[in-house]
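Q: Dumping the structure here so I can ask a few things about it.
4 protein chains.
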Amino acid sequence: MNADLLQFGRRILAEQPFSILLGTELTAFEPGRAELTLAVRREHQQQHGFVHGGVVSYLADNALTYAGGSALPQQGVVTSEYKINYLRPAIGQTLVARASVQYAGRTQAVCRCDVFAVNQGEEKLCATAQGTIVPLGAAPE
Amino acid sequence: MNADLLQFGRRILAEQPFSILLGTELTAFEPGRAELTLAVRREHQQQHGFVHGGVVSYLADNALTYAGGSALPQQGVVTSEYKINYLRPAIGQTLVARASVQYAGRTQAVCRCDVFAVNQGEEKLCATAQGTIVPLGAAPE
Amino acid sequence: MNADLLQFGRRILAEQPFSILLGTELTAFEPGRAELTLAVRREHQQQHGFVHGGVVSYLADNALTYAGGSALPQQGVVTSEYKINYLRPAIGQTLVARASVQYAGRTQAVCRCDVFAVNQGEEKLCATAQGTIVPLGAAPE
Amino acid sequence: MNADLLQFGRRILAEQPFSILLGTELTAFEPGRAELTLAVRREHQQQHGFVHGGVVSYLADNALTYAGGSALPQQGVVTSEYKINYLRPAIGQTLVARASVQYAGRTQAVCRCDVFAVNQGEEKLCATAQGTIVPLGAAPE
Chain S
169 MNADLLQFGR RILAEQPFSI LLGTELTAFE PGRAELTLAV RREHQQQHGF
219 VHGGVVSYLA DNALTYAGGS ALPQQGVVTS EYKINYLRPA IGQTLVARAS
269 VQYAGRTQAV CRCDVFAVNQ GEEKLCATAQ GTIVPLGAAP E
Chain X
169 MNADLLQFGR RILAEQPFSI LLGTELTAFE PGRAELTLAV RREHQQQHGF
219 VHGGVVSYLA DNALTYAGGS ALPQQGVVTS EYKINYLRPA IGQTLVARAS
269 VQYAGRTQAV CRCDVFAVNQ GEEKLCATAQ GTIVPLGAAP E
Chain V
169 MNADLLQFGR RILAEQPFSI LLGTELTAFE PGRAELTLAV RREHQQQHGF
219 VHGGVVSYLA DNALTYAGGS ALPQQGVVTS EYKINYLRPA IGQTLVARAS
269 VQYAGRTQAV CRCDVFAVNQ GEEKLCATAQ GTIVPLGAAP E
Chain Z
169 MNADLLQFGR RILAEQPFSI LLGTELTAFE PGRAELTLAV RREHQQQHGF
219 VHGGVVSYLA DNALTYAGGS ALPQQGVVTS EYKINYLRPA IGQTLVARAS
269 VQYAGRTQAV CRCDVFAVNQ GEEKLCATAQ GTIVPLGAAP E
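Chains as they are written, first to last, in the numbering used here: chain S, 169 to 309; chain X, 169 to 309; chain V, 169 to 309; chain Z, 169 to 309.
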C-alpha cells in the first residue's frame with residue numbers, strides 16, 4: 169500500500185514541470201511522512217556557490233505538501249503558508265528534505281520539515297520549516 | 169546613485185545561476201525597496217498549471233534579501249528566515265515581487281514582500297511574506 | 169455603523185478575562201482595520217524592565233483576530249497561525265497594536281500588525297506580525 | 169549541574185512580573201531543553217472559555233527563550249522572532265510548553281516548542297511553534 173502511495177506521489181511530481189526542471193525525486197512517502205531528494209547542480213546555486221535559498225525553500229515547501237497531503241482525506245492539497253529558518257549554507261552534492269505531520273485535522277495538517285545538505289556523505293541540517301497544508305480550494309480563492 | 173544601486177543589484181543577480189535558470193529580472197532597486205519580475209514559462213508551473221509555490225517563494229525570498237541588503241551597512245547579506253502566506257493561485261504571464269524594509273538596525277533588517285501575478289495586464293496579489301535579512305556570516309555558521 | 173462595530177468589538181473584549189486582566193482597550197475598529205491599546209503596568213514586564221514579549225505577542229495576535237474578523241462573513245473567528253518579529257525593546261507608557269487586512273477570501277483573512285511602544289509621546293515600532301484568521305471551527309478541531 | 173541550571177532558570181522567571189502575574193512555573197530545564205507549566209485560571213481565558221491564544225503564545229515564546237538560552241554561550245538572550253500554529257482549543261486544567269533546540273550556532277539558536285493542554289490527565293497538543301533566540305543586544309537595538 170505504501171508502494172502505491174510512493175508511486176502515486178511520484179506520478180504527481182512527474183506532472184510538475186518545475187520539479188522536473190530542478191530534478192527532484194520523491195525518495196520516501198508514507199502516511200504522515202515524505203522525503204524529497206535533489207542532486208545538486210551548478211544551476212541550483214547562488215553567487216557564493218551555495219545552493220540558492222529558493223531551492224531549499226522549494227524543497228521544504230514541496231515536502232511539507234506531500235506529508236500533509238498523506239494525512240488529509242481530500243485528494244488535492246496545497247501549502248497555505250509556511251515559515252523557514254536557514255541554518256547553514258547548503259553545501260554538498262545532494263539535498264534531502266524530510267517532512268512529517270505534527271497535527272492533522274479535517275481541514276488542515278500542520279507539518280515540519282528539515283532540509284539536510286549531504287556533503288561527501290556527511291549530512292548537515294541546513295534549514296528547518298513549519299507550515300500548514302489545506303485541501304485545494306480551501307485557502308486560495 | 170540609484171542607477172548605480174540598480175546596476176550593482178543586477179550584477180549580483182547575473183551571478184546567481186538559479187536566477188538565470190528561472191529568468192528573474194531586477195526591475196527596481198533603491199534604498200529600502202526592491203522589485204523582481206519573472207516572465208512565467210511552462211517550466212515554472214506545478215501540476216495544476218499555476219506557477220509552482222517554490223517559484224513564488226524563491227521570488228519573495230530573493231526580493232526580501234535585496235530590500236534588506238539595501239538597508240544594512242554590510243556588503244554581503246542573506247535571508248535568515250521568512251514566512252510566506254499563499255493567497256491565490258499564481259496565474260498569469262508575469263510575476264512581480266515587491267519588497268520593502270519595515271525595520272533596519274545594525275545587525276538585521278526585517279522586510280515585507282508582496283508577490284503579484286499579472287494576468288492579461290491585471291495584477292492580483294498572490295502571496296505575502298515577512299522575513300529577516302542579516303549580514304553574511306551572522307546567521308549561518 | 170462603524171460605531172456599532174466598535175461597540176461590538178468592545179463587548180467581545182469585555183468577555184475576555186485575559187484581556188481584562190491585562191487592561192487592553194479597543195481604540196479603533198472598522199472593516200479591515202483594528203487598533204488595540206494597552207496602558208503599560210509593572211506587571212506586564214520581564215526581568216529587564218521592558219514589556220514582556222508575551223504581552224506584545226498577545227496584543228498583536230488579538231489585533232490580527234479583530235482585523236481579520238471584520239473582513240470575514242462568519243461571526244466567530246480565531247487566529248489560526250501567526251509570525252512575529254520583535255524589533256526593539258518595548259519601553260514606554262503605552263503599547264498600540266495596529267492591524268490591517270492584507271487579503272480576505274471566503275475562508276481566511278491574512279493580516280498584518282505593527283506594535284508600537286509610546287514613550288513620552290514618541291511612538292516606536294517594536295514588533296511586526298503576519299497571520300491567518302479563520303472562522304471558528306475551521307482550523308482547530 | 170542541571171539542578172543549578174533549573175535553579176538559575178527559576179530565579180529568572182521569578183524576576184519576570186508578567187510570569188508571576190500568570191503563575192508560570194519552570195518544571196524542567198537542561199542544556200537544549202526547557203519545560204514551562206501553567207495552572208489554568210479563569211483569568212487566562214478568552215470569551216469561549218478556552219485559554220486565550222495570548223497565554224499559549226506567551227508560554228511558547230518563553231519556553232523557546234529558555235531552550236535557546238541554554239544552548240548559547242551568552243548570558244542574556246531574547247526571542248528574535250517566532251511563528252506559532254494553534255491546533256486545538258486549549259481546554260484543561262494545565263498548560264505545558266516543551267521546547268528544544270533544533271540548531272545552535274554562535275549567534276543564534278533555532279528552537280521548536282509544543283504546547284499541550286492537560287485535561288483530566290489527558291495531554292493534547294494545542295499549539296506548535298518555531299523561533300529564533302539571539303543574544304541580548306544582537307537583534308533589538
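Ideal Cβ positions, reconstructed from N, Cα and C, are used throughout, including at glycine.
#1: Do you know how far the Cα of Q242(S) is from the Cα of L298(Z)?
#2: If you measure from the beta carbon of Y234(Z) to each beta carbon in chain S, is any gap under 7 angstroms?
#3: Using the DSSP secondary-structure output, state which residues sit across from Q215(V) in a beta bridge.
#4: Taking the beta carbon of E249(Z) as the centre, do at least 16 other beta carbons fall within 10 Å, making it buried, or is it exposed?
#5: For Q270(Z), which residues in the same chain have their Cβ closer than 7 angstroms to its Cβ, ignoring the five residues on either side in sequence?
#6: Where T262(X) and I188(Z) are concerned, what is the direct C-alpha to C-alpha distance, given to the nearest angstrom?
#7: In chain order, what residues of the same chain lie with their CB nearer than 8 angstroms to the CB of C254(X), ignoring the 5 residues before and after it?
#8: So F197(S) and G217(S) are supposed to be a Cβ contact under 8 angstroms. How far apart are they, rounded?
#9: If we call anything under 7 angstroms between Cβ atoms a contact, is E183(V) one with Q184(Z)?
#10: Taking the C-alpha atoms as reference points, what is the distance between V302(V) and A258(V)?
#11: Whose Cβ in chain C lies nearer than 7 angstroms to the Cβ of T275(X)?
#12: Taking Cβ-Cβ distances shorter than 8 angstroms, what residues in chain X pair up with T300(Z)?
#13: For L206(Z) versus L194(Z), is the C-beta spacing smaller than 7 angstroms?
#14: Whole beta strand (DSSP E) runs in the segment 179 to 211 of chain Z with 3 or more residues, listed along the chain?
#15: Let me know the secondary structure DSSP gives L255(X) once reduced to three states.
#16: For V264(X), count neighbouring Cβ atoms within 10 angstroms of its own Cβ and tell me buried if that reaches 16, exposed if not.
#17: Check for me: the alpha helix (DSSP H) holding A267(X) runs from which residue to which?
#18: Tell me, please, whether the CB atom of C271(Z) is closer than 7 angstroms to any CB atom in chain S?
#19: Which first and last residues belong to the alpha helix (DSSP H) in which L227(S) is found?
#20: Pop quiz: E211(S) and F284(X) are said to be a contact at Cβ under 8 angstroms. What is the actual Cβ separation, rounded to whole angstroms?
#21: Verify the CB distance criterion: does N287(Z) have a CB-CB separation below 7 angstroms to chain S?
#22: Show which residues of chain S have a CB atom less than 9 angstroms away from the CB atom of L255(Z).
#23: Hey, could you find the ends of the beta strand (DSSP E) L304(S) is sitting in?
#24: Would you identify the three-state DSSP class for G299(Z), choosing helix, strand or coil?
A: Looking at the atomic coordinates:
#1: Note that residue 298(Z) corresponds to Gln in the displayed sequence, not to Leu. Per the coordinates, the alpha-carbon of Q298(Z) lies some 27 angstroms from the alpha-carbon of Q242(S).
#2: For Y234(Z), no CB of chain S lies under 7 angstroms from its own CB, so it is not counted at the interface with that chain.
#3: Q215(V) is bridged by DSSP to nothing; it lacks a bridge partner.
#4: E249(Z) is buried by the Cβ-count criterion.
#5: Only V278, C279, R280 meet the Cβ criterion.
#6: Going from the Cα of T262(X) to the Cα of I188(Z) covers about 53 angstroms.
#7: Sequence inspection shows Tyr at residue 254(X); the Cys mentioned does not correspond to that position. For Y254(X), where only same-chain residues beyond five positions count, the Cβ hits under 8 angstroms are G221, V224, C294, A295.
#8: With a contact defined as Cβ atoms closer than 8 angstroms, F197(S) and G217(S) miss out at about 31 angstroms.
#9: At the C-beta level, E183(V) and Q184(Z) stay beyond 7 angstroms of one another.
#10: The straight-line gap from Cα to Cα measures roughly 29 angstroms.
#11: This model lacks chain C altogether; the protein chains it does include are S, X, V and Z.
#12: Identification of chain X residues near T300(Z) by a Cβ-Cβ cut-off of 8 angstroms yields S248, E249, T300, ordered along the chain.
#13: Not closer than 7 angstroms, so no.
#14: At a cut-off of 3 residues, the continuous stretches assigned as beta strand (DSSP E) that sit fully inside the segment 179 to 211 of chain Z are 192 to 198, 201 to 207.
#15: Residue state, collapsed to three classes: coil.
#16: A residue is called buried once 16 or more other Cβ atoms fall within 10 Å of its Cβ, and V264(X) is buried on that count.
#17: Per DSSP, A267(X) lies in no alpha helix (DSSP H); the unbroken beta strand (DSSP E) holding it starts and ends at 262 to 272.
#18: Note on residue identity: the sequence assigns Tyr, not Cys, to residue 271(Z). At least one CB atom of chain S sits nearer than 7 angstroms to the CB of Y271(Z).
#19: For L227(S), the uninterrupted alpha helix (DSSP H) run begins and ends at 221 to 239, by DSSP.
#20: Taking C-beta atoms under 8 angstroms as the contact rule, E211(S) and F284(X) fail to qualify, at a distance of about 26 angstroms.
#21: No, no contact with chain S.
#22: Under the 9 angstroms cutoff, chain S gives Q270, Y271, G273, Q276, V278.
#23: DSSP places L304(S) outside any beta strand (DSSP E), giving it a letter other than H or E.
#24: Here G299(Z) sits in strand by DSSP.
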